[in-house]
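What follows is a short report on a single structure.
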Amino acid sequence: MIPFTGLERYKGNQNLIQCVLMSVLSSYANEPLHLHAEGLRGTGKTTIMRSVRDILPSITRIKGCIYNCDPGNPHCPEHRHLSTEEITAIGWEEIPMPFLEISHSAKVGTVAGSIDLARLTDISNPEAQLLPGLIPQAHRGIIFIDEINRLADTSPEITDILLDVMGNKPGHIQIEEAGLPAVEIEVQVSVWAASNPDEEPGPLEEIRRQLSDRFDLVCFMGRPDSVETVARILADNSYACRVRNTARYSKTKIPVDDSYRQQLLKWANQYQAIYMPDFLRKYIARLYIRYNLESIRAIEAIQQAALLQAVMQGREKVLVSDVNQVIPLALKHRVDSDTLLRIMKDMEGQGDGILRFKNPTNDKQQGNNSEYFQHQAAY
Ligand SMILES: [Zn+2]
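In the working numbering, the protein residues as written are 193 to 571.
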């Protein structure tokens, strides 16, 4: 596997590299950011997403807890009723932030969890014999699904689980067995997915619109744009290079590059303190009203991504340009292309600190909302 630091970077994949870092940072700060990478086969979506495993920061969990209970906020059936003293007595440990994958052959029980019926002695308390699923075990980390469009088409049950997990932040998982009370577990997981909308069964938003809307950001992988880049990718994908990389990355111990991990921890600290000025929040809210956006999730995603973007640029507050930059990522899968074009046209020229829409005279609500059209930013 190519490490994150060894990725070939070019214009078409920069957005995805930025988005995965945003999501890792957000997951570490306990606020999932769901990410969907769309693009042609072979553009390196899955390589980028999987390569993040070697820069993931550590999380602290109650010692031995397979659900990754935060010692300060235990949620699993075994630990959620314990007192601080009891948790201190068990102790805690550091583990790498979880990164787990759901394959297409996965069953509902493997993904969500199940009840160990053979060991169940008290049917009123099924949670005592819970067999953990992949998603609860990825709590406070990332779940990755390749070819999400195919999964949505062939596994409606797993899609329903994802809808629950991604429905709120934190989400939840319900484990049900006939004749037993349902067990519910909280899960805080960033769901990452990849797909090629040009291949069967087509784009996710056409297969299961509801699931498509659950993704905060959709990143479209561009094609490499220069002969040099394509030639480098060609060389990287050559047989000789793959053999060399296998030897280099799996058989020998390559020194761990800790710089990204350190940077992520620094950003996570700043993320606690970053703020969004009121006028910018109204600016985002106005998109919802003016363009009649279907989902409030869209503008929540814009807000969250703009905050993350500002932190990663080393700023203490969000700028108009941060918001404008993430709008296409949050809206391209939620509005038709004409609407997105209109929105982006309206936004043109607004990275200069002056907040205004380009064609205010076309807006019916201009009289009531003039502060949105021209608001001198404070910085
Ligand atoms: Zn626990």
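By construction, the Cβ of each residue, glycine as well, lies at the ideal position given by its N, Cα and C atoms.
Integer Cβ distance of residue i from residue j, believed to fall under 8 Å
i	j	result
Gly325	Val303	5 Å
Val527	Tyr483	7 Å
Ile377	Pro318	The Cβ separation is near 12 Å, so there is no contact.
Val410	Lys255	38 Å between Cβ atoms; not a contact.
Ser382	Pro224	4 Å
Asn341	Ile399	6 Å
Val379	His364	6 Å
Asp338	Pro393	So it is not a contact: roughly 14 Å between Cβ atoms.
Endpoints, the alpha helix (DSSP H) within which residue i is located
i	result
Gly231	Neither: Gly231 is in no alpha helix (DSSP H) and is coded neither H nor E.
Gly204	Lys203 to Tyr220
Pro520	Val512 to Leu523
Thr531	Ser529 to Met539
Gly305	From DSSP, Gly305 is part of no alpha helix (DSSP H) but of the beta strand (DSSP E) over Gly305 to Ile307.
Ala502	Ile488 to Met504
Thr238	Lys237 to Ser243
Ser250	No alpha helix (DSSP H) contains Ser250, which is instead part of the beta strand (DSSP E) from Ser250 to Ile254.
Spatially closest choice to residue i from the options, by CA coordinates
i	options	result
Ile488	Arg406, His228 and Gly234	Arg406
Gln495	Leu485, Lys509 and Val515	Val515
Leu354	Pro393, Ile307 and Gln402	Gln402
Tyr220	Met289, Ala498 and Arg507	Met289
Arg415	Asn207, Pro393 and Gly198	Asn207
Pro389	Asn205, Leu232 and Glu369	Leu232
Gly305	Asp345, Ile367 and Val383	Ile367
Ala310	Phe412, Glu339, Ile481 and Glu369	Glu369
Gln505	Thr280, Phe336 and Lys458	Lys458
Leu456	Glu230, Arg201 and Asp246	Asp246
Thr313	Ile287, Glu486, Leu372 and Gln462	Leu372
Asn461	Leu426, Glu508 and Arg253	Glu508
Thr280	Pro395, Arg253, Lys299 and Cys433	Arg253
Phe412	Val518, Gln464 and Thr531	Val518
Ala385	Gly198, Lys537, Gly236 and Leu199	Gly236
Ile491	Asp470, Tyr463 and Ala522	Ala522
Glu285	Cys257, Pro348, Arg534 and Arg332	Cys257
Leu323	Ile315, Phe336, Asp308 and Ala465	Asp308
Val510	Ile535, Asn205, Met536 and Asp470	Asp470
Residue i versus residue j: straight-line alpha-carbon distance, rounded
i	j	result
Phe291	Ile334	5 Å
Tyr467	Lys361	19 Å
Phe196	Gln321	39 Å
Pro520	Leu479	12 Å
Lys203	Pro269	46 Å
His567	Val512	Residue placement at His567 is poorly supported in this model, since its pLDDT is 34, which falls under 50; the coordinates still yield a value, given next. In a straight line, the C-alpha of His567 is about 11 Å away from that of Val512.
Ala493	His226	9 Å
Pro249	Asn222	13 Å
Asn437	Ile194	7 Å
Gly431	Leu274	Here residue 431 is Tyr; the residue named in the question, Gly, does not match the sequence. Straight-line Cα distance between these residues: approximately 55 Å.
Leu472	Glu540	16 Å
Gln454	Ala423	33 Å
Tyr387	Pro395	Reading the sequence as shown, one finds Ser at residue 387 and not Tyr. Those two C-alpha atoms are separated by around 8 Å.
His296	Asp352	15 Å
Ile481	Asp356	27 Å
Endpoints, beta strand (DSSP E) assigned at residue i
i	result
Cys411	Leu409 to Phe412
Ile282	That residue, Ile282, is in no beta strand (DSSP E); its alpha helix (DSSP H) goes Thr276 to Ile282.
Gly634	A question about residue 634 goes unanswered here, because the residues of the chain that appear run from 193 up to 571.
Pro324	Leu322 to Pro324
Ile367	Gly363 to Ile367
Phe291	Phe291 to Glu293
Ala385	Val381 to Ser387
Any C-beta of chain D under 7 Å from that of residue i
i	result
Met413	Of the protein chains in this structure there is only one, and it is not chain D.
| Just checking, does the region 261-268 make contact with the region 415-429 on the three C-beta pairs under 8 Å criterion? | no
| request: Count the CB pairs spanning the region 212-227 and the region 499-512 that are closer than 8 Å, and state whether there are at least three. | output: yes
| Hey, which residues come within less than 6 Å of ligand 3, measuring from Cβ to any heavy atom, in chain order? | In terms of ligand content, the structure shown lacks ligand 3 and carries ligand 1 instead.
| message | Tell me whether the region 204-215 and the region 236-255 touch, counting them as touching only if at least three CB pairs, one residue from each stretch, are closer than 8 Å. | response | yes
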